[in-house]
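Using numbering that gives the first Met the number 0, read the sequence shown as starting at 0 and increasing by one per residue.
Yeah, the Cβ is synthetic: ideal placement off N, Cα and C, and Gly gets one too.
Note that the structure is predicted; figures quoted are calculated from it, not measured.
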Amino acid sequence: MLADAVTVGADKQIELTAVLWAAPEGGYCALNPETGTVSQGETEAEALANLTEATTLYLEEFPLALGQKPSVTTFRVADVA
0 MLADAVTVGA
10 DKQIELTAVL
20 WAAPEGGYCA
30 LNPETGTVSQ
40 GETEAEALAN
50 LTEATTLYLE
60 EFPLALGQKP
70 SVTTFRVADV
80 A
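Right under this line is the structure:
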């Protein structure tokens, strides 16, 4: 999943990026690259809900400049296996 809306202020919502992946120990991890917030949950939906809550709390203390979006790309590394 690459986007979720986060409420900031009274009724204002902004769309942010969410990167989710299965954790090796079970459950899911979630990352918001715009703020660096991370969270986890037993399901993708729970991880995203927890990330939304963590990001909302973060933005209450550290407002994000509107319009800032990360550049998402891929890169290669040597196979070490």
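Does DSSP classify residue i as helix, strand or coil?
| i | result |
| --- | --- |
| GLY30 | Here residue 30 turns out to be Leu, not Gly, going by the sequence shown. It is a strand residue. |
| ALA17 | coil |
| THR42 | coil |
| THR36 | strand |
Taking residue i and residue j to be in contact with their CB atoms under 8 angstroms, please state how far apart those CB atoms are, rounded to whole angstroms.
| i | j | result |
| --- | --- | --- |
| ALA53 | GLY40 | No, ALA53 and GLY40 are not in contact; Cβ-Cβ is about 11 angstroms, not under 8 angstroms. |
Would the beta-carbon of residue i fall within 9 angstroms of that of residue j?
| i | j | result |
| --- | --- | --- |
| VAL71 | PRO32 | yes |
| LEU19 | THR34 | no |
| ALA81 | LEU50 | Outside the shown range of the chain, which is 0 to 80, sits residue 81, and nothing can be said about it. |
| SER38 | ALA46 | yes |
| GLY26 | THR42 | yes |
| ILE13 | LEU63 | yes |
Taking 8 angstroms as the cut-off, is the CB of residue i close to at least one heavy atom of the ligand ZN?
| i | result |
| --- | --- |
| CYS28 | Summarising the ligand content, the structure contains no ligands, and the ligand ZN is consequently not present. |
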